[in-house]
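Engineer: In order, the protein sequence lines correspond to chains A and B. Quick note: the first sequence, position 71, residue 71 per our numbering, numbers continuous. Quick note: the second sequence, position 46, residue 1046 per our numbering, numbers continuous.
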Amino acid sequence: EAGVTQSPTHLIKTRGQQATLRCSPISGHTSVYWYQQALGLGLQFLLWYDEGEERNRGNFPPRFSGRQFPNYSSELNVNALELEDSALYLCATPRGLAALSTQYFGPGTRLTVL
Amino acid sequence: AQTVTQSQPEMSVQEAETVTLSCTYDTSESDYYLFWYKQPPSRQMILVIRQEAYKQQNATENRFSVNFQKAAKSFSLKISDSQLGDAAMYFCAYRSAEGAQKLVFGQGTRLTINP
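(1) From B/Glu1052 to B/Ser1096, what distance separates their C-alpha atoms?
(2) Can you tell which of B/Lys1073, B/Thr1024, B/Asn1067 has its C-alpha closest to the C-alpha of B/Gly1108?
(3) Could you name the residues of the same chain whose beta carbon sits closer than 7 Å to that of B/Arg1063, not counting the 5 residues immediately before and after it, in chain order?
(4) Check A/Asp50 in the structure and name its three-state DSSP category.
(5) Using CA atoms only, rank isn't needed, just tell me which of A/Val113, A/Glu53, A/Glu51, A/Glu75 is closest to A/Thr5.
(6) Do you know whose CA, among B/Asp1031, B/Ser1065, B/Ala1088, lies nearest B/Thr1018's CA?
(7) Residues of chain B with a CB under 8 Å from the CB of A/Leu41: which are they?
(8) When Cβ atoms are compared, which residues of the region 1065-1076 of chain B fall closer than 9 Å to chain A?
(9) In whole angstroms, give me the CA-to-CA distance for B/Lys1073 and B/Ala1093.
(10) Is the beta carbon of A/Thr102 sitting closer than 7 Å to the one on B/Arg1050?
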């Protein structure tokens, strides 16, 4: 069983541009969580998708958005990039029965905004 | 809202010795889950151990064990027989049993293993 995959590994953009990050959950699992890990900080919850719908979002501005596709892969879009958006973006898939589940993480995408 | 606090930004231990990483959390919920994740230089987040709040017995996974004190809202991680491969950032995380079930993380503790 393949784990959570993310692409690209690294992404370099300039201020004002848009970034698109991708995540594929563990096969057969429908939920994807996105987290941001800015330099020197812990992980902050960004977005939760399940069954193709956005279910919850963290305290981030609307220029952070995304979607989930019928195959349950997900995209995270960051518009009008700012320098402080530079961070490691991680996605995770829960495994196990819903209330008992544990989240397993992908390798992350390192976004650098110049 | 729930919060997680790791008061030790950095810890170091000699190889083969035991080290304990501290974590406290704040919640008004009675049913929840607690986790320790490890993040080595590769940046991959790896699950170390998890604890269900309804279980009184402390979780153990080989050399890793926790001391879960629900009343004190404390969740420490003990690493026995420390190995060089244990060097990493360690994050304590909280998850509600209901709702969005997002993870709430502490700020992390950087663990160094001295040979």
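Backbone N, C-alpha and C fix where the C-beta goes; we use that ideal spot for every residue, glycine too. Since the model is a prediction, treat every value here as computed from it, not as a measurement.
Structural biologist: Based on what the coordinates show:
(1) 10 Å
(2) B/Thr1024
(3) Ile1079, Ser1080, Asp1081
(4) strand
(5) A/Glu75
(6) B/Ser1065
(7) Gln1107
(8) none
(9) 13 Å
(10) yes
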